[in-house]
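Engineer: Please find one structure pasted underneath; my questions will follow.
Residue numbers (the working numbering): 577 to 715.
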């Protein structure tokens with residue numbers, strides 16, 4: 577896999593943001609760990625299904641698995657649907673990222689009063705007011 581992944585990451589880093597490069601490296605690190613030295617011609621539908629089963633056994637979400645296999649297909653330079661036409665994408669949760677209700681938001685803010693962490697009482701309201709992700713606010 578290194579003969580496909582390494583050149584892809586080198587080229588990718590030339591015209592993508594550092595955060596995007598880190599994301600791609602993280603996804604492909606799992607692919608390299610699980611698939612090891614598998615050659616491109618051995619990346620059959622069944623091999624990809626075995627990869628998916630192993631990652632499911634590691635209690636990884638369908639969204640994460642889809643991102644990993646998708647990143648692998650981009651590294652190869654072909655769409656997933658052409659490389660592995662009989663392998664369907666995993667189901668992804670639909671309830672992720674929902675907004676907090678007023679009651680949930682109040683409970684969260686009230687809970688901050690009991691903490692002995694100096695930064696959270698400032699950080700959490702910032703996230704709530706701006707909609708930023710934690711990584712965005714920290715950078």
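All C-beta atoms, glycine included, are put in the ideal place defined by N, C-alpha and C.
Take residue 596 and list the residues in its own chain whose beta-carbon comes closer than 7 Å to its own, dropping the five residues that flank it on each side.
Structural biologist: Against the chain shown, residue 596 aligns to sequence position 20. There are no such residues.
Engineer: Run through DSSP, which three-state label would residue 563 get?
Structural biologist: Residue numbering for the chain in the displayed model covers 577 to 715; residue 563 lies beyond these limits and cannot be assessed.
Engineer: Is the region 677-690 close to the region 637-653, with three or more CB pairs under 8 Å?
Structural biologist: Judged by Cβ distances under 8 Å, the region 677-690 makes no contact with the region 637-653, as fewer than three pairs qualify.
Engineer: So, under 8 Å CB-CB, residue 713 and residue 699 are touching, yes? Tell me the CB distance rounded to an integer number of Å.
Structural biologist: Position 137 of the chain shown holds residue 713. Position 123 of the chain shown holds residue 699. With a Cβ gap of about 7 Å, residue 713 and residue 699 count as contacting.
Engineer: According to DSSP, simplified to helix, strand and coil, what is residue 690?
Structural biologist: Here residue 690 is taken as the residue at index 114 of the chain shown, counted from 1. It is coil, neither helix nor strand.
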